[in-house]
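Position in the sequence shown (first residue = 1) + 9 = the working numbering.
Below is one structure, written out as structure tokens, with a few remarks after it.
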Amino acid sequence: MLQLLRMLVALSIFTGHWGEAYVGRLWPQGQIAIDIFFMIEGFLAMGFLSQPTVISMNRWQIIRSRLVHIYPVYAIALVVSFCSFAPQALANAGGWTITNWVGAFISGLVLMPFFSTLVYGSVFPLNPPSWAIVLELFGFALLVCLRVHDAPRRLFVLWIGAAFIYFTLSMMWRDLNAGWASVHYWGGWPRMILSFAGGAWLRHLHAEYGARTPKIHPVTVLALFVGMHLPKIHLIGAPLLGIGVPLLVWLGASCPCPAWLETVAAFAKRNTLSIYLLGYPIMMIWRYANTIFMVPLSFAGSLAGLALVLGSLLVAGMILTYITENMTLEREV
10 MLQLLRMLVA
20 LSIFTGHWGE
30 AYVGRLWPQG
40 QIAIDIFFMI
50 EGFLAMGFLS
60 QPTVISMNRW
70 QIIRSRLVHI
80 YPVYAIALVV
90 SFCSFAPQAL
100 ANAGGWTITN
110 WVGAFISGLV
120 LMPFFSTLVY
130 GSVFPLNPPS
140 WAIVLELFGF
150 ALLVCLRVHD
160 APRRLFVLWI
170 GAAFIYFTLS
180 MMWRDLNAGW
190 ASVHYWGGWP
200 RMILSFAGGA
210 WLRHLHAEYG
220 ARTPKIHPVT
230 VLALFVGMHL
240 PKIHLIGAPL
250 LGIGVPLLVW
260 LGASCPCPAW
270 LETVAAFAKR
280 NTLSIYLLGY
290 PIMMIWRYAN
300 TIFMVPLSFA
310 GSLAGLALVL
320 GSLLVAGMIL
330 TYITENMTLE
340 REV
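Shown next, in the form of structure tokens:
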């Protein structure tokens, strides 16, 4: 179930960005998707780090294996994003110039933020959602260096410290959605550590107490995921983050796994990273195509238009996964 939730996070972020141009804010609590993603990643990372074969590896070997898995997908998606912004850069439109276009690309290649006002001030303007993947890499490296697979108390202290810093900053900024933009970029670090370390700590607790958890039907967990995106209640974001996200991850890890879920989860495990990182460039390519071919807004913003774009994203994600898997196999040979 957790693998399926990871893919749904990618799709919810994509549909949220796509809907902004047509219906405004599609998900009132859309920022919660990233926190769900971080917590699931932390939960799964701790499961990986707790394996005997991984424990016997040195720190660099573990971090390198993660980097080798993620960076090829990240880099190819960045190249696609670079190409998707070419029309704006070549026309000096939307604040883009050849200089900042190339600068953002080089900065992205070395996993460094690019502080500017481009794309609402995103620190990775060529592919704004990729900020979470970059921070997740550092979060994983932090867990590896701290050797927390058998130190839940150390994890708990890390989680408490990150929670204090993040919620203090969010109150100062009056914004829980920190990290993706220049104005609150540094708040993304405690935000990531809060959820990533929280997910790792949940994995420790789940190994001990998970068997006692009532088995919730997977459809109920999916309904909870969707429901967390919808409340329009003022100040509901913090309770969702502090209670809702851990509850969702715990129930997702505990629910039964029927045959249909195993099939979907296998697909999600293989393709989620590609879908997540290709979402924004695919959206930009479609918007550019809609402008060239004068596609009516009534179709582009309709469910049929969204289904067409989602279908292309899924196909592109599978192609990118296939390419990177073959690259990995060739290196091993």
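Each residue gets a CB set at the ideal place from its N, CA and C atoms; glycine is no exception.
In the DSSP assignment, find the alpha helix (DSSP H) that holds residue i and state where it starts and stops.
| i | result |
| --- | --- |
| Gly117 | Ile107 to Leu118 |
| Met48 | Ile41 to Leu58 |
| Thr229 | Pro227 to Met237 |
| Leu127 | Leu127 to Gly130 |
| Leu19 | One point to set straight first is that residue 19 is Ala, not Leu, in the sequence displayed. From DSSP, the alpha helix (DSSP H) with Ala19 extends over Leu11 to Glu29. |
| Ser90 | Arg68 to Ser93 |
| Ser179 | Pro161 to Trp182 |
| Pro61 | Pro61 to Ile64 |
| Phe147 | Ser139 to Leu155 |
| Phe205 | Gly197 to Tyr218 |
Please classify residue i as buried or exposed, where buried requires at least 16 other C-beta atoms within 10 Å of its C-beta.
| i | result |
| --- | --- |
| Ala262 | buried |
| Cys264 | buried |
| Gln70 | exposed |
| Ile169 | exposed |
| Ser204 | buried |
| Thr126 | exposed |
| Gly117 | buried |
| Ala42 | buried |
| Phe173 | exposed |
| Phe302 | exposed |
| Ala30 | exposed |
| Tyr218 | exposed |
| Val128 | buried |
| Gly143 | The question names Gly, but residue 143 in the sequence shown is Val. Counting Cβ neighbours within 10 Å, Val143 comes out buried, since at least 16 surround it. |
| Gly33 | exposed |
| Leu306 | exposed |
| Leu244 | exposed |
| Glu145 | buried |
| Leu185 | buried |
| His78 | exposed |
| Ile252 | exposed |
| Gln38 | buried |
| Ile294 | buried |
| Pro137 | buried |
| Met181 | exposed |
| Ser283 | buried |
| Val258 | buried |
| Ser74 | exposed |
| Pro61 | exposed |
What's the gap between the Cα of residue i and the Cα of residue j?
| i | j | result |
| --- | --- | --- |
| Ala216 | Trp210 | 10 Å |
| Gly148 | His226 | 31 Å |
| Ser311 | Asp159 | 50 Å |
| Gly208 | Gly103 | 39 Å |
| Ala247 | Pro240 | 12 Å |
| Ile64 | Ala309 | 50 Å |
| Gly285 | Glu50 | The question names Gly, yet the displayed sequence has Tyr at residue 285. Approximately 14 Å between the Cα atoms of the pair. |
| Ile85 | Pro223 | 42 Å |
| Met121 | Arg221 | 43 Å |
| Leu58 | Met292 | 35 Å |
| Leu231 | Asn101 | 43 Å |
| Pro267 | Trp110 | 47 Å |
| Met201 | Leu164 | 14 Å |
| Ile242 | Trp195 | 27 Å |
| Gly236 | Thr108 | 43 Å |
| Ser321 | Gln40 | 24 Å |
| Leu99 | Ile115 | 17 Å |
| Val228 | Leu151 | 34 Å |
| Ser179 | Ala171 | 12 Å |
| Pro199 | Phe276 | 31 Å |
| Phe234 | Leu17 | 9 Å |
| His193 | Ala187 | 5 Å |
| Tyr83 | Thr281 | 12 Å |
| Pro81 | Gly28 | 29 Å |
| Ala113 | Pro290 | 14 Å |
| Val166 | Leu270 | 35 Å |
| Leu13 | Arg156 | 28 Å |
| Leu76 | Gly25 | 28 Å |
| Val153 | Pro96 | 42 Å |
| His213 | Ser93 | 42 Å |
| Ala274 | Arg15 | 9 Å |
Could you tell me whether any non-hydrogen atom of the ligand MG is closer than 7 Å to the CB of residue i?
| i | result |
| --- | --- |
| Thr177 | For the ligand MG, the structure offers nothing, since it holds no ligand at all. |
Could you please give me the residues that DSSP links to residue i through a beta bridge?
| i | result |
| --- | --- |
| Ala190 | Ser131 |
Can you find a CB in chain D that lies within less than 8 Å of the CB of residue i?
| i | result |
| --- | --- |
| Leu250 | In the displayed structure, chain D is absent; only one protein chain is listed. |
Item to check | Residue ranges of each alpha helix (DSSP H) within the segment 264 to 342, 4 or longer | outcome: 268 to 301, 306 to 309 and 312 to 341
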